[in-house]
Amino acid sequence: AQSVTQLGSHVSVSEGALVLLRCNYSSSVPPYLFWYVQYPNQGLQLLLKYTSAATLVKGINGFEAEFKKSETSFHLTKPSAHMSDAAEYFCAVSDLGTGRRALTFGSGTRLQVQP
Amino acid sequence: NAGVTQTPKFRVLKTGQSMTLLCAQDMNHEYMYWYRQDPGMGLRLIHYSVGEGTTAKGEVPDGYNVSRLKKQNFLLGLESAAPSQTSVYFCASSQGLDTDTQYFGPGTRLTVL
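These protein sequence lines are chains A and B, in that order.
42 is the number of the first residue of the first sequence in the working numbering; add one for each residue after it.
104 is the number of the first residue of the second sequence in the working numbering; add one for each residue after it.
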């Protein structure tokens with residue numbers, strides 16, 4: 042079974058600072074990994090996904106993530122935080138081999154951006 | 104394109120009452136899902152459907168039932184609501200490949216007193 046762990050339930054950065062949100066996965070097969078963002082009182086929106094092509098994946102709003110097999114990680118980064126980035130971020134892994142095509146989510150990281 | 108829509112947006116129930124949450128998608132997706140979101144636990148899969156007329160259990164199915172009579176609709180029912188079912192419920196849909204993006208609705212916030 043696949044699983045993901047997000048380190049840090051809350052992260053606070055200053056506007057203009059680097060954003061780093063951590064995600065580690067556990068999978069017995071090569072995983073497909075996703076990052077979703079949830080703005081207050083809204084549904085989840087896809088930021089980016091890794092599907093075994095390039096290990097460095099670029100997403101929307103200037104975010105990117107790098108798949109590192111040796112570290113079983115898929116950390117999300119953005120060089121310069123903007124106030125509009127304040128949201129909750131979820132890392133997820135596809136349930137491979139189950140036929141469900143569902144996602145297993147991490148517990149989420151709430152990003153706060155200070156002016 | 105409306106994408107994925109959910110009704111209602113908010114609901115308050117008393118213990119033992121029943122209700123149905125409706126999810127609709129206009130993307131002709133085969134797969135549909137119901138998740139619940141609780142603080143500190145991310146999203147957990149309740150039930151899912153791989154096509155019209157099919158349903159299956161996810162990780163936390165107890166106390167819920169679902170139906171998919173039409174491809175575009177996926178209904179989630181609570182027969183006898185309990186306070187433990189207080190949560191935010193999200194519906195999602197996808198084309199059905201492991202690499203596919205899931206598209207989420209705006210959620211339903213349910214409180215059971």
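Here a beta-carbon is modelled for each residue, glycine too, at the ideal position from N, C-alpha and C.
- Three or more Cβ pairs drawn from the segment 68-76 of chain A and the segment 123-141 of chain A lie within less than 8 Å of each other, which places the two stretches in contact.
- The criterion of a C-beta distance shorter than 8 Å is satisfied by A/C132 and A/V45.
- B/P164 is outside the set of residues whose beta carbon lies under 8 Å from a beta carbon in chain A.
- Straight-line spacing of the CA atoms in B/V153 and B/G199 works out to 8 Å.
- Counting the other Cβ atoms within 10 Å of the Cβ of A/F108 gives 16 or more, which makes it buried.
- Bounds of any beta strand (DSSP E) do not take in A/E56, whose DSSP letter is neither H nor E.
- Interface criterion not met: the Cβ of A/A106 is under 8 Å from no Cβ in chain B.
- For the 8 Å CB-CB criterion, A/V98 and A/K110 do not form a contact.
- Within the segment 179-207 of chain B, not a single complete alpha helix (DSSP H) segment reaches 4 residues in length.
- The C-alpha of A/H123 lies about 10 Å from the C-alpha of A/N102.
- Remark: C-beta atoms of B/A184 and B/V215 approach each other more closely than 8 Å.
- Considered as a whole, the segment 63-90 of chain A harbours 65-67, 74-79 as its complete beta strand (DSSP E) runs of no fewer than 3 residues, in chain order.
- Excluding residues up to 5 positions away in sequence, S197 lie with their Cβ nearer than 8 Å to the Cβ of B/T204 in the same chain.
- Each of B/P186, B/T189, B/A105, B/P209 was checked against the Cα of B/N131, and the nearest Cα belongs to B/A105.
- Within chain A, no C-beta atom comes nearer than 8 Å to that of B/M130; the closest sits roughly 14 Å away.
- By the neighbour-count criterion, in which 16 or more other beta carbons inside 10 Å mark a residue as buried, A/S125 falls on the exposed side.
- Its Cα nearest to that of B/Y192, the residue B/Y136 stands out among B/Y136, B/K174, B/N176.
- Residue pairing by DSSP places B/L216 in no beta bridge whatsoever.
- Taking 8 Å as the cut-off, the beta carbon of A/T145 is found no closer than this to the beta carbon of A/Q79.
- B/T211 sits buried, since 16 or more C-beta atoms from the chains shown fall within 10 Å of its C-beta.
- The C-beta distance from A/Y77 to A/L87 rounds to 6 Å, short enough to fall under 8 Å.
- The Cβ-Cβ distance between B/Y134 and B/R147 does not fall below 8 Å.
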